[in-house]
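Novice:
Protein chains: 2
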Amino acid sequence: MTAFLDRCRAIAGAADSLQYVLDSAAAMAPYLRDWRGRFTGNALAVLRPGSVDEVARLVRLCAEERVPIVPQGGNTGLVLGSVPDASGTAVVLSLARLDRIRSLDAVNRTVTVDAGVILQHVQEAAAAADCLFPLSLAAEGSCTIGGNLSTNAGGTGVLRYGNTRELCLGLEVVTPQGEIWSGLRGLRKDNTGYDLRDLYIGAEGTLGIITGAVMKLYPAPKASVTALAALPSPEHALRLLSLAQDRAGASLTGFELMSAFCLALVAKHFPALPRPFAGPSPQYALLEISSNESEAHAVALLEGAMGAAFEAGIALDAVVATSVAQSRGLWHLREHIPLAQAADGKNIKHDISLPVSSIARFIAHTEPLLQQAFPGCQLVCFGHLGDGNLHFNVAPPQGIDNEAFLVNQAAVNRVVHDAVAAFGGSISAEHGIGALKRDELARYKSPVELNLMRAIKAALDPLNIMNPGKIL
Amino acid sequence: MTAFLDRCRAIAGAADSLQYVLDSAAAMAPYLRDWRGRFTGNALAVLRPGSVDEVARLVRLCAEERVPIVPQGGNTGLVLGSVPDASGTAVVLSLARLDRIRSLDAVNRTVTVDAGVILQHVQEAAAAADCLFPLSLAAEGSCTIGGNLSTNAGGTGVLRYGNTRELCLGLEVVTPQGEIWSGLRGLRKDNTGYDLRDLYIGAEGTLGIITGAVMKLYPAPKASVTALAALPSPEHALRLLSLAQDRAGASLTGFELMSAFCLALVAKHFPALPRPFAGPSPQYALLEISSNESEAHAVALLEGAMGAAFEAGIALDAVVATSVAQSRGLWHLREHIPLAQAADGKNIKHDISLPVSSIARFIAHTEPLLQQAFPGCQLVCFGHLGDGNLHFNVAPPQGIDNEAFLVNQAAVNRVVHDAVAAFGGSISAEHGIGALKRDELARYKSPVELNLMRAIKAALDPLNIMNPGKIL
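Each protein sequence line maps, in turn, to chains A and B.
First residue of the first sequence: 61, per the numbering used here; consecutive thereafter.
First residue of the second sequence: 61, per the numbering used here; consecutive thereafter.
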């Protein structure tokens, strides 16, 4: 293997082999450990090429030597997709040094970026050109656009702007054979053959390595304002969503659901945050309205929608932010739910999606099943209701140790995922499959679909060197 | 072959073999002739199954007998994708009898349809539920949603709502092996493995047969209003587009470019239509603004944008429709351009797209090249500027017979498509490749991309029975 590493160094390490081809345990450690700290794998080496051409040459070398490749962006994934297994036979190929914003075209409303650019830097480049790059998620200061594409990341802007998939117009990909597919097209319409772009998006690095992308930009809204509504039930949240969509159309840019238990957790662990209501209500919805016209227009739209919701008997109470600053405060409540959960101890997490119209019925169906199987368990249910995406997390009963409760993980998953399947939902809405949910995927996908995926994998990566053991 | 047809009749023709398995020349004729009447193919038979199960059984039979299958929806395609070749060895498999709207979910904002449902019927079903299905194109009274999906149809709503691809959440597909993939999911987020859906969309029936789909619905806007602006140049149209997008965001639902020559053709052949301006200007842009709030809001937004365009020296003149009825009148001008072209005689058509920012430079670059090669030729240039999509058609010089000029088709294509390639554009923006543009595709795509497509085709359709000779 020394010979192999020497050849890697000749390609990527010429300038500085200590920095660009890592093989010491200490230097490799951050690349081998998963974001949530649940797993640490092993690797032959971590390769840090500095150009697309170096990526291609390294892949050709790995193909020749049959060395598996684990592509890695910011390594912030939640499903063990970007870390190697424990065997130590693979290399991690980090895209971190491909971090240039190649170009920005404000009239075409596109930005062309290297895969290793950090999401926040894409957002900042867009803002500097008076545009919006709408992808936004908790890890945006660390995750890379290549990782966002490989996992088809979701986040808080999906209701209006779609997932990462919908934000991408073109890709550059190094194939498992080490060839470069230059598909960096900045076109809104292009019907010239098979949609390779969308095949690589969400493939979690198992079909090739995304090295560059053309992403869509949008006119930056003049203002975004929010309201927090207290509601009797998830069913009422659905009625509020429909009402707000009918009145605001694309101006409704966010619609988040939070249960009373979620806000209680936030109040417990972050007592300095505002408490908008005197007493608790069963559910809360956070609405965001954006306007390309003016802040006054956004506020008027929001007030109109909330007024109509009161008239229709949907909302129990509501706080309408009258400024952008107040709006940020309401978003903080939502954003602190995962932090409050973490402070409270580990729980059993599910990243699920459902037809929006089924969500209230899904919760009503599944919560009693969980209570029956795990009496006293506590549901931390929140998420992007407008996208049908729930973070449906199960915490232990009061007085039970969080770590001890994790022994129920598989049994809890079975209850939740069986219910998801029964309601036509997805067991991974926005995080992907990786190694973590591979067995769950095999359980819930039809043999026809699994065989189609396997046929594509075998056709594009016949040596099975691209991120093996992930997804399939 | 009698035995083969008997077996087809046992599957699809049991109820009425004369209607459902056609093999007489007269009965097959409409299925063998392309929409523009340029080509008529031959077939063993036309199969008209009545259920997804019958489709699957027919495909299994064809696979067994190695009989090529040409899937067909409304047969309104423009690239010879839905008609068989002249050999007479294939069957046409029409989806026309799969014409049920299976269900509509107004809260999830989805409609689940058979592939053979006519586009206009999908629009009508949506409207009956106070929703909008935004796909709209000239053939909507005849084309089917399965054909729209297989060609990833564009049309006039793309600027706001995207192509057919962006409107689809789930598919049901019969594979070339005659298996049924049930991917009819109505989910906004689903990251569970490879994106099979987008692989079938736009594949023109070469990878399988789409039999059903879940399509997105939108809140119906309260009103859509239009303005027609007279402009000095395409460059000014781009400036107007940017200005209107900045001010209106997603409320800008249409932006069409038309040259003076286009409107002159309309005036010549449809003298009864309104002539909004006293004298001619070099270019015109049709803007459409839609509002979920009110007609007054839409009109105010439009008037504001046009006022700003005057202040910025972008527009020479403008007509702002102050009602929905007036707006329809302005759209009629745009919609009559293809009809006026047809009345004027055949021309050499190109369905191209470019980065929006390149369009003015593309026209300035390409028109002189055409004039140099074909002195006096007349450019019929119009299209969906907001999507970067131009219908860039070349008519003969005055006094030259239209049919005679068609001899230059290949040479004209070369000038236009070479220029498209040089500007990073697409030789087929919204019509697809079919048999018509197969050689052009092979010329302009990279070997890497062609090989990736061939690998996918071979993996999913190893017998090459699905619409052979189309795309690849």
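Yeah, the Cβ is synthetic: ideal placement off N, Cα and C, and Gly gets one too.
So is T235 of chain A in contact with chain B if we call contact Cβ pairs under 9 Å?
Specialist: In the first sequence, the residue the question calls residue 235 of chain A occupies position 175. Yes, T235 of chain A counts as interfacial toward chain B.
Novice: Indicate whether at least one CB of chain B lies closer than 9 Å to the CB of D94 of chain A.
Specialist: On the first sequence, position 34 is the one that residue 94 of chain A refers to. It does not: the Cβ of D94 of chain A has no partner Cβ on chain B nearer than 9 Å.
Novice: Check the Cβ of Y91 of chain B against every Cβ in chain A and list those closer than 9 Å, keeping chain order.
Specialist: Counting from one through the second sequence, the residue named residue 91 of chain B turns up at place 31. Result: empty, since nearest Cβ-Cβ is about 23 Å, beyond 9 Å.
Novice: What residue range is occupied by the uninterrupted beta strand (DSSP E) comprising R162 of chain A?
Specialist: Within the first sequence, the letter at position 102 stands for residue 162 of chain A. R162 of chain A -> beta strand (DSSP E) spans 161 to 165.
Novice: For the stretch 305 to 339 of chain A, enumerate the residues whose C-beta is nearer than 7 Å to any C-beta of chain B, in chain order.
Specialist: Of all residues in the stretch 305 to 339 of chain A, Q305, D306, R307, A308, G309, A310 have a Cβ within less than 7 Å of some Cβ in chain B.
Novice: With DSSP run on the structure shown, which of helix, strand or coil describes H396 of chain B?
Specialist: Residue 396 of chain B sits at position 336 when you count from the first residue of the second sequence. Residue state, collapsed to three classes: helix.
Novice: Check whether the stretch 345 to 358 of chain A and the stretch 313 to 320 of chain A are in contact - that is, three or more C-beta pairs closer than 8 Å.
Specialist: Counting Cβ pairs under 8 Å, three or more are found: they touch.
Novice: Expressed to the nearest angstrom, what Euclidean distance is found between the alpha-carbon atoms of V472 of chain B and G492 of chain B?
Specialist: As a first step, residue 472 of chain B must be located in the second sequence, where it is residue number 412. As a first step, residue 492 of chain B must be located in the second sequence, where it is residue number 432. Near 19 Å, if we compare the C-alpha coordinates of G492 of chain B and V472 of chain B.
Novice: Quick check for students: name the residue ranges of the beta strand (DSSP E) that lie wholly in the stretch 101 to 161 of chain B, counting only runs of 3 or more.
Specialist: The qualifying runs are 105 to 107, 129 to 132, 151 to 154.
Novice: When DSSP builds the beta bridges, which residues end up paired with F99 of chain A?
Specialist: The count along the first sequence starts at 1 and reaches residue 99 of chain A at position 39. None, per the DSSP bridge assignment.
Novice: Is there a Cβ of chain B sitting closer than 9 Å to that of L376 of chain A, yes or no?
Specialist: The residue labelled residue 376 of chain A in the question sits at position 316 within the first sequence. It does not; no Cβ of chain B falls within 9 Å.
Novice: Could you list which residues in chain B have their beta carbon closer than 7 Å to that of H392 of chain A, in chain order?
Specialist: Position 332 of the first sequence, counted from the first residue, corresponds to residue 392 of chain A. Neighbours of H392 of chain A on chain B: none; closest Cβ ~24 Å, over 7 Å.
Novice: Using a Cβ-Cβ cut-off of 9 Å, state whether H444 of chain A counts as contacting chain B.
Specialist: Counted from its first residue, the first sequence places residue 444 of chain A at position 384. With 9 Å as the cut-off, H444 of chain A counts as an interface residue toward chain B.
Novice: Does the distance from the CB of D113 of chain A to the CB of G268 of chain A come in under 9 Å?
Specialist: Your numbering for residue 113 of chain A matches position 53 in the first sequence. Your numbering for residue 268 of chain A matches position 208 in the first sequence. Against a cut-off of 9 Å, the Cβ pair of G268 of chain A and D113 of chain A comes out as no contact.
Novice: Please confirm if G246 of chain B has its CB atom under 9 Å from at least one CB of chain A.
Specialist: Numbered from 1 along the second sequence, position 186 holds the residue referred to as residue 246 of chain B. Yes, because at least one Cβ of chain A sits closer than 9 Å to the Cβ of G246 of chain B.
Novice: Would T271 of chain B count as contacting chain A if we go by Cβ distances under 9 Å?
Specialist: Walking along the second sequence from the start, residue 271 of chain B turns up at place 211. Cβ-Cβ to chain A under 9 Å: no for T271 of chain B.
Novice: When you compare the CB of L414 of chain A with every CB in chain B, is at least one pair closer than 9 Å?
Specialist: Position 354 of the first sequence holds residue 414 of chain A. So, interface residue.
Novice: If the cut is a Cβ gap below 9 Å, which residues of chain A does T211 of chain B touch?
Specialist: Reading the second sequence from its first residue, position 151 is the one you call residue 211 of chain B. Those within 9 Å of T211 of chain B in chain A are N251.
Novice: Verify whether the separation of the beta carbon atoms of A304 of chain B and Q343 of chain B is less than 9 Å.
Specialist: Locating residue 304 of chain B in the second sequence gives position 244, where the first residue counts as 1. Locating residue 343 of chain B in the second sequence gives position 283, where the first residue counts as 1. Result no, Cβ atoms of A304 of chain B and Q343 of chain B do not sit closer than 9 Å.
Novice: Using the Cα positions of P528 of chain A and T266 of chain A, report the straight-line distance between them to the nearest angstrom.
Specialist: Mapped onto the first sequence, residue 528 of chain A falls at position 468. Mapped onto the first sequence, residue 266 of chain A falls at position 206. Roughly 7 Å separates the two Cα atoms.
Novice: Under 9 Å between C-beta atoms, does V476 of chain A make it to chain B?
Specialist: If you number the first sequence from 1, residue 476 of chain A lands on position 416. Taking Cβ atoms only, chain B never reaches closer than 9 Å to V476 of chain A, which makes this a no.
Novice: When the Cα atoms are used, what is the spatial distance from L541 of chain A to L92 of chain A?
Specialist: Any property of residue 541 of chain A remains undetermined from this structure, which presents chain A solely from 61 to 532.
Novice: Quick check on S302 of chain B - is its C-beta less than 9 Å from some C-beta in chain A?
Specialist: Locating residue 302 of chain B in the second sequence gives position 242, counting from the first residue. For S302 of chain B, the answer is yes, since a Cβ of chain A falls inside 9 Å of its Cβ.
Novice: Buried or exposed, going by whether 16 or more other CB atoms sit within 10 Å of the CB of D76 of chain B?
Specialist: Within the second sequence, numbered from 1, the residue matching residue 76 of chain B stands at position 16. It is exposed - the Cβ of D76 of chain B has fewer than 16 other Cβ atoms within 10 Å.
Novice: Let me make sure I understand the geometry here. Which of A:E264, A:R120, A:S242 has the alpha-carbon closest to that of Q2 of chain A?
Specialist: Not covered by the structure: residue 2 of chain A. The range shown for chain A is 61 to 532.
Novice: If you draw a straight line from the alpha carbon of R421 of chain B to that of N449 of chain B, how long is it in whole angstroms?
Specialist: Stepping through the second sequence from its first residue, residue 421 of chain B is reached at position 361. Stepping through the second sequence from its first residue, residue 449 of chain B is reached at position 389. Computed Cα separation, rounded: 14 Å.
Novice: Would you kindly report the start and end of the unbroken alpha helix (DSSP H) that includes H296 of chain B?
Specialist: As a position in the second sequence, residue 296 of chain B is number 236, starting the count at 1. Looking at the DSSP string, the run of the alpha helix (DSSP H) that includes H296 of chain B is 294 to 308.
Novice: Report the residue ranges of all alpha helix (DSSP H) runs contained in full by the stretch 421 to 477 of chain A; include only those spanning at least 4 residues, in chain order.
Specialist: Here the runs fully enclosed are 462 to 465.
Novice: Does chain B have any CB closer than 9 Å to the CB of T204 of chain A?
Specialist: Here residue 204 of chain A is taken as the residue at index 144 of the first sequence, counted from 1. Chain B, which has no Cβ nearer than 9 Å to the Cβ of T204 of chain A, makes this no.
Novice: Nearest to I270 of chain A by alpha carbon, out of A:V234, A:D250, A:L301?
Specialist: As a first step, residue 270 of chain A must be located in the first sequence, where it is residue number 210. That would be A:V234, whose Cα lies nearest to the Cα of I270 of chain A.
Novice: Whose C-alpha, out of A:G253, A:N407, A:K328, is nearest the C-alpha of E531 of chain B?
Specialist: Working through the second sequence from its first residue, we reach residue 531 of chain B at position 471. The residue you asked about is not Glu; residue 531 of chain B is Ile in the sequence shown. Comparing Cα positions, the closest option is A:G253.
Novice: Please confirm if S486 of chain B has its CB atom under 9 Å from at least one CB of chain A.
Specialist: For this step, residue 486 of chain B is matched to residue 426 along the second sequence. Closer than 9 Å to some Cβ of chain A, the Cβ of S486 of chain B qualifies, so yes.
Novice: For chain B, is any of its Cβ atoms less than 9 Å away from the one on L496 of chain A?
Specialist: Counting from 1 along the first sequence, the entry for residue 496 of chain A is found at position 436. Not one chain B Cβ lies under 9 Å of L496 of chain A.
Novice: Quick one: does L140 of chain B have its CB under 9 Å from some CB of chain A?
Specialist: If you number the second sequence from 1, residue 140 of chain B lands on position 80. So, not an interface residue.
Novice: If I follow the unbroken alpha helix (DSSP H) through F315 of chain B, where does it start and stop?
Specialist: Your numbering for residue 315 of chain B matches position 255 in the second sequence. Run containing F315 of chain B: none in the alpha helix (DSSP H); it sits in the beta strand (DSSP E), 312 to 319.
Novice: Can you give, in chain order, each stretch of the alpha helix (DSSP H) that sits fully within the stretch 175 to 255 of chain A and has at least 4 residues?
Specialist: Runs found: 179 to 188, 205 to 211, 218 to 221.
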